[in-house]
Amino acid sequence: MGNGKPDAMKPAEAKAPSPNPLPKGEGLTRQAPLAKGETFRRFLPQGAKIWGILGLLVAVCLYTAISSDRFLRVQNVENLVHRTALFGILSVGAAFVIITGGIDLSIGSLVCLVGVLLPNLIAEHGWPVPAGVAAVLLLSVAIGVVHGLLITKMRLQPFVVTLCGLLLYRGVARGITGDMSQGFGVEYKGLRAIATSRLPIFGSSDNVFHLPATTLILIIIAVVAAIFLNKTIYGRYLLAMGNNPEAARYSGINVDRTTLLAYVICSTLAGLGGMLFVLDINAAQPSDFGNFYELYAIAAAVLGGCSLRGGEGSILGVVIGAAVMVVLSNTINLVHPAYQNIEFAIIGGVILIGVIVDELARRLVTARREAVRHG
Amino acid sequence: MAPSPTPLLEVRGVSKQFSGVRALDDVSLKLGRGEAVAVVGENGAGKSTLMRIVAGVMRPTSGTILVEGEAVEFASVAQALRQGISLIHQELNLADNLSVSANIFLGREPRRFGMIDQARIDYEARKFMDRVGLDVPPQKIVGTLSIGRQQLVEIAKALSTNARILIMDEPTSSLSEHETQKLFEVVRDLRSHGVSVLYISHRLHEVEELADRVIVLRDGKFSGELSREQNQRPNMVRLMVGRDVSRFYHRTPHTPGATVLSVNQLRTRMFPRQAVSFEIRAGEVVGLAGLVGAGRSELLAALFGVTPAVAGGMILGQLRQPPRSAQEAIAAGIMLAPEDRRHAGLVLPMSVKTNLSLASLQRDQRRGFLNRAAENRVAASMIELLRIKTAGERQVVRFLSGGNQQKVVLGKWLCLDPKLLLLDEPTRGIDVGAKEEIYKLIDELAQRGVAILFASSEMEEVIGLSDRVLVMHEGRISGELGRAELTEETVMQLATGDAHQAERMGA
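Protein chains in written order, with the numbering used here: chain A, 213 to 587; chain B, 4 to 510.
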């Protein structure tokens, strides 16, 4: 397929003066006329979801802002943006895997493994900073490759492979640290600045909004991810494959390689996220660091419009989804502190309602289209 | 077998409207006891809608349905079932992992002390299985049966609910010739026992063979009715398309060029003991005939690299061995339009444009980035060239008709300039008009020097289109026929690998 011949189109076009001539005059109408409402409809499948999740975010923010005067305080907003950035990075990774129709349950444990390993290597074993960072990132990439190979070559189910990863990486993290909390102490301020620094943006002197540096990292990752997904042939392959792996294979797409790529992206971003989390918090307790983060990431991706059936998703939606998760948790803290112990139940309930509304909306649209089609 | 004064089923002036569009417009029909009536028409003519209304899947906008002269109104399939009307879908609705008897009584299991009475289920199932000539043990798992037998299970299941009217949507579309004959025997037998059959079929020669009467629909309207005597293919086609199709198969004389593909002792994964050898020349249309399960699809899959061959040689251009992946095959110029286009040929939820450009993205890429201009060009030129009927290039492929979907699959390959085009059942489930277009296209491609190898279960198609036919039987090529020797009998003889059986089939 690599031998891209520029004239490959020619024979097809040269076919016009065949015994079965095409209507010549009309043939020049390059763009087939769109059906009524077509231009609008093409924004619907993706667009409607973005508006839906954005609406949910705005609604939750409004509710919290009205209910608590602390919500809009600069420090709280900074913190929300910061946490959204950290969870957003994990969620973007999860989205790639979900788009292939797969799942990665090992994200939280990988966050933990990287989170304890980085301070362990640098602070305890005295590795140079670049070596330590490179080591944990390479480890994340390698884990993604292993996941991908087990899923594509061994034909194991993603759920099983990454479930084992979930148990394995947490166990290893606790093992190598003797279950002791890991951190950088008061050293390595420069390295930690990647996650902790705040850049002053605007506001009066006593009320300056500082943009967390992590936000910049998320923006870069999200933009690259969105370009990759929407503008490159590999992104198109991912979407096509997620919808119908068989048709993708029959179209000459290397399905195994594309799947593997998705798992590598996911694990790499999980590793990067784990690094930022530990740099930020400066303490990683192996038994609970990153606990349930894979579920936050998956929930954010699903809220953001990824179907677990695969083939669907937008990066912007996923980032907004991550924001919803973060803000919801904040809402409970600020408005209903008494309900903190049922935080999971509330978040679960809100997501469930969101997904149900989305499914109902989808059915409505499909039913209308089906009806039109039968005409 | 003349219809009794009060027909068993009568459809009177039924119309169905979908958000402003008339799918069915004032259609009436009568079905007598023990009658087999076929409903034919192009895709979108309203056949399926009519069947669904009769079976209680949907309600008509206006009109009445009468069973034994009494007006009935079905709000659900269950209500239609109670009147003895049973619908058998084109894609069978069986639980693959359960036994034949369990499927027949699914949801109505005889119980004993609250537990399923397995012995009784098997015993009762046997009775219905015998009526349809299903010669397997009732304990046999349905998934292990051939499609033909699975269909008989469906019919047995219908009979077990005391069905008086069987409605079948394309009952033979995935059956081999042999299985089709078997099904017809069963239908004839049921008919003589007073069961009526109302069915849709695209296979007109089969309608000629089986139907007592034919109802032809066109654009949702009643177009005509043909009695047993008038029931011939040209009559049906005329009513279906409103014109006379004299030259249905387009075949201009081809002058085969140099050898494009040579296959030497190739062994497929399915039939590793059978070696296959043949050659195809440029501009040649070669038919691949055989019964279902003869290994035609497996051979095509091996040539395309999706199920790589286990041994043997193959030469095509730069390719000196059988391809190990579709990428390799495509790079060499081998392309396949698979049998199951909805599953393997198309990404249904994506647009016409995305599907058309899917295979050429790599060629047109700009350092990994999509080349939108090239994509638009591919889509526009293929929509125009193949006359794909679509609301626009952004139309989702799922909503196209079968014929247009197949054109999208073909367009995906034509823009890559194939040397060898492999077509597996290229016209399955496609209406007459689109079939004709596909035939024309095959003919034109051959004239441009594309080598074409197509597998088809439709005998007429194989004979009508091919310059040469390779017949397969149980994984090997049992014979090759040139145009001069090409008749249904000669093909069938080789396909069955059994002269005696061939005689029976040819009858």
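The beta carbon of each residue, even a glycine, is placed where N, CA and C say it ideally should be.
These figures come from a predicted structure and were not determined experimentally.
Going by Cα to Cα distance, which pick from the options is closest to residue i?
i	options	result
V353/A	A474/A, Q497/A, D391/A, D468/A	A474/A
D281/A	I568/A, Y505/A, V567/A, N542/A	N542/A
D316/A	L507/A, Y551/A, I554/A	L507/A
N466/A	S230/B, E38/B, V219/B, V309/B	V309/B
V350/B	G336/B, A314/B, F402/B	F402/B
Q452/B	R284/B, A458/B, F131/B, A377/B	Here residue 452/B turns out to be Gly, not Gln, going by the sequence shown. Nearest option by C-alpha distance: R284/B.
S257/B	M54/B, A41/B, T499/B, D470/B	Here residue 257/B is His; the residue named in the question, Ser, does not match the sequence. For H257/B, the nearest C-alpha among the options comes from D470/B.
R486/B	I480/B, Q496/B, L473/B, E477/B	L473/B
V323/A	L298/A, I363/A, T364/A	L298/A
Q233/B	M243/B, V217/B, F225/B	V217/B
L229/B	L444/B, G44/B, V14/B, M462/B	G44/B
K443/B	T255/B, L32/B, V80/B, K185/B	T255/B
L330/A	D500/A, V536/A, F489/A, I554/A	F489/A
P498/A	N553/A, T276/A, N332/A	N332/A
E290/A	F421/A, V341/A, R382/A	F421/A
R448/A	C273/A, S279/A, I311/A	I311/A
P174/B	V145/B, S204/B, Q184/B	S204/B
Under 7 Å Cβ-Cβ, which residues of chain A neighbour residue i?
i	result
M353/B	A452, N455
K415/B	S463
Indicate whether at least one CB of chain A lies closer than 9 Å to the CB of residue i.
i	result
T271/B	no
Q184/B	no
F307/B	yes
V40/B	no
T258/B	no
A362/B	yes
N407/B	no
T430/B	no
T64/B	no
Note down, in chain order, every chain A residue with its Cβ under 9 Å from the Cβ of residue i.
i	result
H205/B	Near H205/B there are no residues of chain A at all, since even the closest Cβ is about 19 Å away, more than 9 Å.
P341/B	E458, A459, Y462
From the DSSP output, which residues share a beta bridge with residue i?
i	result
E73/B	V70/B
D511/B	As displayed, chain B neither begins before 4 nor continues past 510, which places residue 511/B out of reach and without an answer.
A39/B	V200/B
K224/B	D28/B, R221/B
L229/B	V217/B
P412/A	H422/A
Q394/A	A496/A
D192/B	Per DSSP, none; premise fails for D192/B.
H476/B	R479/B
A292/B	V474/B
R284/B	T262/B
Looking at the C-beta of residue i, does it have a partner C-beta in chain B at a distance below 9 Å?
i	result
Y449/A	yes
T444/A	yes
G300/A	no
R574/A	no
I568/A	no
P229/A	Its pLDDT being 37, under 50, P229/A is placed unreliably in this model, and the value from its coordinates should be taken loosely. Output row for P229/A: interface = no.
V577/A	no
Is residue i near residue j, with beta carbons less than 9 Å apart?
i	j	result
V588/A	L292/A	The structure shown does not extend to residue 588/A, since chain A is modelled only from 213 to 587, so the question has no answer here.
L472/A	L350/A	no
P325/B	M317/B	yes
F187/B	E157/B	no
R344/B	Q408/B	yes
K422/B	L389/B	no
G320/A	F440/A	no
G223/B	L27/B	yes
H346/B	A459/A	yes
S460/B	S179/B	yes
S354/B	Q398/B	yes
V60/B	L32/B	no
A159/B	A122/B	no
Interface residues of chain B around residue i at Cβ under 8 Å?
i	result
G314/A	Those within 8 Å of G314/A in chain B number zero; the least Cβ separation is about 17 Å.
Since residue i meets chain A, which of its residues come closer than 8 Å, beta carbon to beta carbon?
i	result
G371/B	T444, I445, Y446
H346/B	N456, E458, A459
What does residue i reach in chain B if we use C-beta pairs closer than 9 Å?
i	result
G523/A	V350, P352, M353
Could you check if residue i belongs to the surroundings of the ligand NAP, using beta carbon to heavy atom distance under 8 Å?
i	result
G560/A	Summarising the ligand content, the structure contains no ligands, and the ligand NAP is consequently not present.
Within the 9 Å Cβ cut-off, does residue i reach chain D?
i	result
L473/A	The structure shown contains no chain D; its protein chains are A and B.
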